Amino acid sequence: MKLEADSLHLHDDTEQRDQMSADSGIEKRTYSIGEVAKMIGSKVRTIRYYDEIGLVKPTSHTEGGHRLYTTEDIWRLELTATLRYLDFSIVEISRLLSGVLSVDKALDWQIESLSVQVSALTNMISILQQAKRQQGDSMRYLYDFVQAKASNAEKRKQFIAEKVEASDLFEGIPSEWQSPMLHYFNKYIVNQEKTTAQQIAAWNELQEIINDPQFMRDAKNTEFVIYIKELQPRYDADTWIKKLDQIYVRLSQAVEAKKSADSPEVQAIIEESVSLYNNTEQTIYNKAFLNSFLEHSEQTRTPLIDRINRLCAIMSPPLNLLAEGNLVFFQNLQQKLSSQQNQSGEHPES
1288 MKLEADSLHL HDDTEQRDQM SADSGIEKRT YSIGEVAKMI GSKVRTIRYY DEIGLVKPTS
1348 HTEGGHRLYT TEDIWRLELT ATLRYLDFSI VEISRLLSGV LSVDKALDWQ IESLSVQVSA
1408 LTNMISILQQ AKRQQGDSMR YLYDFVQAKA SNAEKRKQFI AEKVEASDLF EGIPSEWQSP
1468 MLHYFNKYIV NQEKTTAQQI AAWNELQEII NDPQFMRDAK NTEFVIYIKE LQPRYDADTW
1528 IKKLDQIYVR LSQAVEAKKS ADSPEVQAII EESVSLYNNT EQTIYNKAFL NSFLEHSEQT
1588 RTPLIDRINR LCAIMSPPLN LLAEGNLVFF QNLQQKLSSQ QNQSGEHPES
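Numbering (our numbering), first residue to last: 1288 to 1637.
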């Protein structure tokens, strides 16, 4: 790819110049924002924007407050341009550059996202080709055909209801707690009124996975079942889900603010989430339960569950924040378990 080749070549050239300066005892060179814009073929306002949002900040400033970029800064800008070319979002790039998101995981997610886009585009091309072969009102045919293929909220609700009933997904779950189990799936996926071609393609694949009996077996073993059966919520279902919504809003805000799992903000959120249950002292703060819970959570991360989560994120990007919030939650529990093991003189398993 020419963009990557040019970026690598420029990076090598600037790095060589800086290395020569370092070897000769000369202070490492810096570049103004205008110079950098010309070097990487970008616009000054784009580079300035990346600084303002904290994506790529300059190493230093002049006495007058003008930005000064080093070779490493320029490399990050070049890498950002390449990732944007490959359709990575600003949030994903930020997580990549900060090390929060691994390269392998980011590439896997992007391949999946682009695969869904390819499926959507292939579907649209097929529709246009069929419309072209029709005699008469091609535009009316286009409209009717797309409406027939589009999956509206009512169709999605009916599909999910049939699958839940056929699979006994809620076996052993009290009736009042069955709706909360699907709360976020319904909120962000099923109840979407308008869907793009990409979202329709994601939903079509999602249906195929849900039709797989193995997925339903996986879904019965998720940690949500433990929440209801073991922890015993201290509120009625409606109140509990409202409080959980509020907690997720705060957890998402903490993730956006890049708060760590052991930060006071996240710890306060965890304590509040724990207060939703009756058996917290016997469970969340119990070493044996934490071991069992975390081990079970790890086992339930099956390939089909992971794929469903990625398709859901494509259909509704806000679910990415929920997923990150869950990750922070589990990191906090893992730290709590490690702390308990250290206090008792045990060595955490590697």
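For glycine and all other residues, C-beta sits at the position ideal for the given N, C-alpha and C. The model shown is predicted, which means the values in this text are computed figures rather than measured ones.
Whole-angstrom distance between S1562 and L1429, CA atom to CA atom: Position 142 of the sequence shown, counting from 1, holds the residue named residue 1429. Position 275 of the sequence shown, counting from 1, holds the residue named residue 1562. About 53 Å.
Those runs of the alpha helix (DSSP H) which lie wholly inside the segment 1353–1399 and span at least 4 residues: Counting only runs that start and end inside the segment 1353–1399, the alpha helix (DSSP H) elements of at least 4 residues fall at 1358–1372, 1377–1385.
Length of the line joining the Cα atoms of S1329 and I1361: The residue given as residue 1329 occupies position 42 in the sequence shown. The residue given as residue 1361 occupies position 74 in the sequence shown. Taking the straight line from one Cα to the other gives about 11 Å.
8 Å Cβ cutoff met for V1331 and L1364: For the purposes of this step, residue 1331 is identified with residue 44 of the sequence shown, where counting begins at 1. For the purposes of this step, residue 1364 is identified with residue 77 of the sequence shown, where counting begins at 1. Not in contact: V1331 and L1364 (Cβ atoms no closer than 8 Å).
Closest residue to L1591 among L1493, S1550, E1552 (Cα-Cα distance): Working through the sequence shown from its first residue, we reach residue 1591 at position 304. The residue from L1493, S1550, E1552 with its alpha-carbon nearest to that of L1591 is L1493.
Residue(s) in a DSSP beta bridge with H1348: As a working mapping, residue 1348 is identified with position 61 in the sequence shown. Answer is R1354, bridged to H1348.
Boundaries of the alpha helix (DSSP H) in which D1424 is found, first to last residue: Here residue 1424 corresponds to residue number 137 of the sequence shown, with the count starting at 1. Looking at the DSSP string, D1424 is not in any alpha helix (DSSP H), and its letter there is neither H nor E.
R1504 burial status per 10 Å Cβ neighbour count (16 or more: buried): By 1-based counting over the sequence shown, the position of residue 1504 is 217. Counting the other CB atoms within 10 Å of its CB gives R1504 a total below 16, which places it among the exposed residues.
Residue range of the alpha helix (DSSP H) that includes V1561: Here residue 1561 refers to the residue found at position 274 of the sequence shown. Element bounds for V1561: 1551–1561.
Closest Cα partner of P1520 within the set A1555, K1442, L1608, W1464: Counting from one through the sequence shown, the residue named residue 1520 turns up at place 233. The option with the nearest alpha carbon to P1520 is W1464.
Residue environment, E1339, which counts as buried when at least 16 other CB atoms sit within 10 Å: Position 52 of the sequence shown, counting from 1, holds the residue named residue 1339. It is exposed - the Cβ of E1339 has fewer than 16 other Cβ atoms within 10 Å.
Pair within 8 Å by beta-carbon distance, T1367 and V1343: In the sequence shown, counting from the first residue as 1, residue 1367 sits at position 80. In the sequence shown, counting from the first residue as 1, residue 1343 sits at position 56. Contact: yes.
Closest residue to S1550 among Q1618, V1405, G1341 (Cα-Cα distance): Working through the sequence shown from its first residue, we reach residue 1550 at position 263. Ranking the options by Cα distance to S1550, first place goes to Q1618.
Between the CA atoms of I1595 and Q1445 - distance to the nearest angstrom: Start at 1 with the first residue of the sequence shown, and residue 1445 comes out as number 158. Start at 1 with the first residue of the sequence shown, and residue 1595 comes out as number 308. Spanning the two alpha carbons is a distance of roughly 19 Å.
Cβ-based burial, R1427 [other Cβ within 10 Å; buried from 16]: Position 140 of the sequence shown holds residue 1427. R1427 comes out exposed.
Buried versus exposed call for Y1372 [16 or more other C-beta atoms within 10 Å across all chains shown]: Taking the first residue of the sequence shown as position 1, residue 1372 is located at position 85. Looking at its Cβ environment, which holds fewer than 16 other Cβ atoms inside 10 Å, Y1372 is exposed.
Contact belief for N1410 with A1489 at Cβ below 8 Å, rounded distance in angstroms: As a first step, residue 1410 is located in the sequence shown; it is residue number 123 there, counting from the start. As a first step, residue 1489 is located in the sequence shown; it is residue number 202 there, counting from the start. Not confirmed; about 12 Å, so no contact.
Member of L1620, L1598, Q1630 whose CA lies at the smallest distance from the CA of S1400: For this step, residue 1400 is matched to residue 113 along the sequence shown. The shortest Cα separation from S1400 among L1620, L1598, Q1630 belongs to L1598.
Beta-carbon gap between Y1535 and G1612 smaller than 8 Å: In the sequence shown, residue 1535 corresponds to position 248, counting from 1. In the sequence shown, residue 1612 corresponds to position 325, counting from 1. Contact: yes.
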